[in-house]
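> Have a look at this one.
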Amino acid sequence: MNEVKTTAELLPSRKDENYRYTQIAIDVTDSKDWDSEKLAHTLKSESTFTPWSNDYYLKALEGVANLNITAPKSEEWIFLHSQGEASKIRGSAELIVPKGKHYKVFEFLEQSAEKSLFMRNVKVAEGASVEYFFLQKQNLSNTFVARHFFDLAEGAKATFRFYHAGAKKGQHRIASRVEKNASFTLEGANRLRNAQHVDIWAESEHVGATSLSNTTVWNVLTDESVAVFNGMIRILKDCPQTLAYQSNKTLMLSEKARIYTLPKLEISTDDVKCSHGASVSSLDESQLFYLQSRGIDKESGEKMLVEAFTQPVLQHLPKHLISEALQKELHVLEEQNAF
Amino acid sequence: MNLFEVKNLSVSVEDKEIIKNFSLEIKPGEVHAIMGKNGSGKTTLSMALMGHPSYEVTSGKVLLAGEDITELETEEKAKKGLFLGMQYPVAIPGVSVGNFLRVSLKNIWGDKYSPLEIRKKIKEEAEKMKVPSEFLSRSLNDGFSGGEKKKLETLQLALLQPRFAIMDETDSGLDIDALKSVAEKMQSLRTQERAFLIITHYQRLLNYLKPDKVHVMIAGKIVKTGGPELALELEEKGYEGVVPGSLK
């Protein structure tokens, strides 16, 4: 019989570059969803694009343990909602977007289980497209390890947006494999407070010519919060005319907050256009002055600017799928914004 | 009584004195214009009057309707009825024009109007000024042309209805038609209870908005004051011609 291992043993150690700033121990021994061996294999082979094998996944539309999935109707969002005390591990789900189809997916993680580990594998077929929004608003005592894989076939298109506002500590890997003429957009934001620590590990691997990827991650950090941006654009051989951009923007609202930002490139084709960069700033004095000159007090002005910073992501949140209370908390309530 | 008064104001930027012992008196209903070469301190003056933290008032006083507002926070000055139409309105991506106007008016007006009424007023005024309605949902001053930004500044002037407005080069970046509509809007707001300080490089705005007084500013000081004819004279002769030695 196989010896049962805990994830603490399975997860690579801090010696691994990609786990350098974030080590999470999650006990998976009591989960039926997981096979320790497969998990170990998966986590150890994370340095390149390696989605989990298909047989390992339950088909999303057939339902996943502890995950409520609302089936798509035309033009509507597929809603993946996990909540409640139920299980410690959320498990995995696979979503296939068939040829020529366009899906919209909203995944909302608000469960109160202390620790969670989950993986999503999104396969976008030739010419298909998907728009995916992941909202994480867990309790502030929770930890998570999240994985979103996007496998884009020729001419496929995917946009993945995330917003992390909850959890105490977490690592979120978003990896895409981008085929010829396919395009992947990643726009994410972390709004962290107290001692929250969120590690974003974003990789785009280009495997075909004239492919496109565009990654932007915004951080707003208060108190003693910590954000990590571990970005990688990898362009394999024979991918001419590829465009790949990567940017990390951080708004520091406290002297005790920290950001570790590592935008990286690995390029094996000559004829490509790539950029990577990071910026760290505090609130813009001239923007604040402008608001104040129109009668808006300093505190409200600062709030407006902070909210504005993550707007590029939050403006795409399917508001109608979350409660009014949460809309208010995230400052996306209709009457606050619409005109 | 003066509606707006500046008494012996000195302003420094990064410890360099830009405005030196500057004084100005403006009566209700008056329009004053300040003209001056680039770098003469016009924008420094306007920023300091509004209370920008990078512009330090080292001495002197600013009075609005007799009340000393020198030390007030910028937002308090705005609530008292001071307005600054900025030369370079800063872009604020993520804050929509409509939302910004709504929050601004709520702060200025307090509970005088309901949110619905405020919204209605913004829409009506925007329509009157031919500001396209889609502008209201776009990010503030972001991706707008220079002229469009100035039009938005004027829209704010019209909505906020300040007692005293400083318009810093509102005419720059405007095409001929836009200049006319902005100037006419300002002219329509000219009442016996309100006054304006217009900072400009050109005569053309003053054709529509005939000033009571024109001041020439050089090196942080007013060196000459006259009637509207002074602006014409400047246009014709240049600063050196009107104020000999100003090229130094």
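Line by line, the protein sequences are chains A and B.
Everything in the first sequence is counted per this note's numbering, starting at 35 for the first residue and increasing by one.
Everything in the second sequence is counted per this note's numbering, starting at 2 for the first residue and increasing by one.
Beta carbons are placed, not taken as given, at the ideal position from N, Cα and C, and that holds for glycine.
In whole angstroms, what is the alpha-carbon distance linking E221/A and G37/B?
Taking the first sequence and counting its residues from 1, one reaches residue 221/A at position 187. Taking the second sequence and counting its residues from 1, one reaches residue 37/B at position 36. Approximately 47 Å between the Cα atoms of the pair.
> Looking at C-beta atoms only, is the number of pairs between the stretch 58-67 of chain B and the stretch 10-22 of chain B that lie closer than 8 Å three or more?
Cβ pair count under 8 Å is three or more, so yes.
> Is A159/B close to chain A? Criterion is C-beta to C-beta, closer than 7 Å.
Here residue 159/B is taken as the residue at index 158 of the second sequence, counted from 1. Answer no: the Cβ-Cβ gap between A159/B and chain A never drops below 7 Å.
> Cα-Cα, which of E141/A, K271/A and Y294/A is closest to V260/A?
Counted from its first residue, the first sequence places residue 260/A at position 226. Of the listed residues, the one whose Cα sits closest to V260/A is Y294/A.
> For a contact meaning CB atoms closer than 8 Å, what does I109/B contact in chain A?
As a position in the second sequence, residue 109/B is number 108, starting the count at 1. Simply R328 and G329.
> Strictly under 7 Å for the Cβ-Cβ distance: is S105/B near chain A by that measure?
Along the second sequence, read from residue 1 onward, the residue named residue 105/B stands at position 104. So yes, S105/B belongs to the interface.
> Measuring straight from C-alpha to C-alpha, what distance separates V131/A and Q172/A?
Taking the first residue of the first sequence as 1, we reach residue 131/A at position 97. Taking the first residue of the first sequence as 1, we reach residue 172/A at position 138. The alpha-carbon atoms of V131/A and Q172/A are separated by roughly 28 Å.
> Can you check the stretch 9-82 of chain B for any beta strand (DSSP E) of at least 3 residues that lies completely inside it and give the ranges in chain order?
Complete beta strand (DSSP E) runs here, min 3: 17-27, 32-37 and 56-65.
> Take A160/A as the anchor and find which of T219/A, F152/A and L186/A has the nearest alpha-carbon.
Locating residue 160/A in the first sequence gives position 126, where the first residue counts as 1. Before going on, a small fix: residue 160/A reads as Glu here, not Ala. Per the Cα distances, L186/A.
> So if I threshold CB-CB distances at 9 Å, which residues from the stretch 71-85 of chain B count as touching chain A?
Here the close residues are E74, T75, E76, E77, K78, A79, K80, L83, F84 and L85.
> Counting along the chain, where does the beta strand (DSSP E) carrying R225/A start and finish?
Residue numbering aside, residue 225/A sits at position 191 when the first sequence is read from its first letter. First-last of the beta strand (DSSP E) with R225/A: S217 to L226.
> Quick check on E234/B: does DSSP put it in helix, strand or coil?
Sequence index remark: in the second sequence, residue 234/B carries index 233 (1-based). E234/B: helix per DSSP, three-state reduction.
> May I ask you to report which of helix, strand or coil DSSP gives H310/A?
In the first sequence, residue 310/A corresponds to position 276, counting from 1. Strand at H310/A.
> Could you please give the first and the last residue of the uninterrupted beta strand (DSSP E) stretch that includes V104/B?
Along the second sequence, one-based indexing puts residue 104/B at 103. V104/B -> not in any beta strand (DSSP E); alpha helix (DSSP H) instead, spanning V98 to W110.
> Apart from the five residues just before and just after G200/A, which ones in its own chain have a Cβ nearer than 6 Å to its Cβ?
As a first step, residue 200/A must be located in the first sequence, where it is residue number 166. Only Q170, K171 and Q172 meet the Cβ criterion.
> Determine the DSSP secondary structure at Y209/B, reduced to helix, strand or coil.
Here residue 209/B is taken as the residue at index 208 of the second sequence, counted from 1. Correct three-state label for Y209/B: helix.
> Compare the C-beta of G95/B against all C-beta atoms of chain A and say whether one is closer than 7 Å.
Stepping through the second sequence from its first residue, residue 95/B is reached at position 94. Chain A contact via Cβ: present.
> Between E68/B and I200/B, what straight-line distance do the alpha-carbon atoms span, to the nearest angstrom?
The residue labelled residue 68/B in the question sits at position 67 within the second sequence. The residue labelled residue 200/B in the question sits at position 199 within the second sequence. One C-alpha to the other measures close to 23 Å.
> Got a sec, what are the start and stop residues for the alpha helix (DSSP H) Q345/A sits in?
Here residue 345/A corresponds to residue number 311 of the first sequence, with the count starting at 1. First-last of the alpha helix (DSSP H) with Q345/A: Q345 to L348.
> Would you check if the distance between the CB atom of R225/A and the CB atom of V251/A is smaller than 7 Å?
Here the question's residue 225/A lines up with position 191 in the first sequence. Here the question's residue 251/A lines up with position 217 in the first sequence. No, they are not a contact pair.
> Could you tell me which chain B residues have their CB closer than 9 Å to the CB of K332/A, listed as they occur along the chain?
Position 298 of the first sequence, counted from the first residue, corresponds to residue 332/A. Neighbours of K332/A on chain B, chain order: E74, T75 and E76.
> For Q170/A, which of helix, strand or coil comes out of DSSP?
In the first sequence, the residue the question calls residue 170/A occupies position 136. Correct three-state label for Q170/A: strand.
> Tell me whether the beta-carbon of E31/B lies closer than 7 Å to the beta-carbon of A196/B.
If you number the second sequence from 1, residue 31/B lands on position 30. If you number the second sequence from 1, residue 196/B lands on position 195. Taking 7 Å as the Cβ cut-off, E31/B and A196/B qualify as a contacting pair.
> Measuring alpha carbon to alpha carbon, tell me which of M130/B, S134/B and Q204/B ends up nearest M187/B.
One-based indexing of the second sequence puts residue 187/B at position 186. It is M130/B.
> Enumerate in chain order the residues of its own chain whose CB-to-CB distance from T244/A is below 6 Å, with the five nearest sequence positions on each side excluded.
If you number the first sequence from 1, residue 244/A lands on position 210. Counting only Cβ-Cβ distances below 6 Å, and skipping sequence neighbours, we find N215 and Q275.
> For the stretch 33-64 of chain B, list every residue whose C-beta sits within 9 Å of some C-beta in chain A, in sequence order.
Correct list: M48, M51, G52, H53, P54 and S55.
> So the alpha helix (DSSP H) M87/B belongs to, where does it begin and stop?
Indexing the second sequence from 1 puts residue 87/B at position 86. No alpha helix (DSSP H) contains M87/B, which DSSP labels as neither H nor E.
> Hey, which unbroken runs of the beta strand (DSSP E) at 3 residues or more fall wholly within the stretch 257-314 of chain A?
Counting only runs of 3 or more, we get 260-269, 276-286 and 292-301.
> Grab the span of the alpha helix (DSSP H) containing K122/B for me, first residue to last.
Numbered from 1 along the second sequence, position 121 holds the residue referred to as residue 122/B. Per DSSP, K122/B belongs to the alpha helix (DSSP H) from P116 to K129.
> Between V183/B and T192/B, which are expected to be in contact by the criterion C-beta below 8 Å, what is the C-beta distance as a whole number of angstroms?
Here residue 183/B corresponds to residue number 182 of the second sequence, with the count starting at 1. Here residue 192/B corresponds to residue number 191 of the second sequence, with the count starting at 1. Contact flag wrong, Cβ pair sits at about 18 Å.
> Using 8 Å as the Cβ pair cut-off and three pairs as the minimum, do the stretch 36-50 of chain B and the stretch 98-118 of chain B touch?
No: the two stretches stay apart, fewer than three of their Cβ pairs being nearer than 8 Å.
> Compare the C-beta of M286/A with all C-beta atoms of chain B and state if any pair is closer than 7 Å.
On the first sequence, residue 286/A is found 252 positions in, with the first residue counted as 1. Chain B, which has no Cβ nearer than 7 Å to the Cβ of M286/A, makes this no.
> Quick one: which residues of the stretch 126-156 of chain A get their C-beta closer than 7 Å to a C-beta of chain B? List them in chain order.
Of all residues in the stretch 126-156 of chain A, none has a Cβ within less than 7 Å of some Cβ in chain B.
> What residue range does the beta strand (DSSP E) around S210/A cover?
Within the first sequence, residue 210/A is the residue found at index 176, counting from 1. K203 to V212 is the extent of the beta strand (DSSP E) around S210/A.
> With a cut-off of 8 Å, do at least 3 Cβ pairs link the stretch 345-354 of chain A to the stretch 315-335 of chain A?
The answer is no - the stretch 315-335 of chain A does not touch the stretch 345-354 of chain A, with fewer than three Cβ pairs under 8 Å.
> How far does the alpha helix (DSSP H) with K186/B in it extend, from its first residue to its last?
Residue 186/B sits at position 185 when you count from the first residue of the second sequence. Run containing K186/B: I177 to S189, per the alpha helix (DSSP H) assignment.
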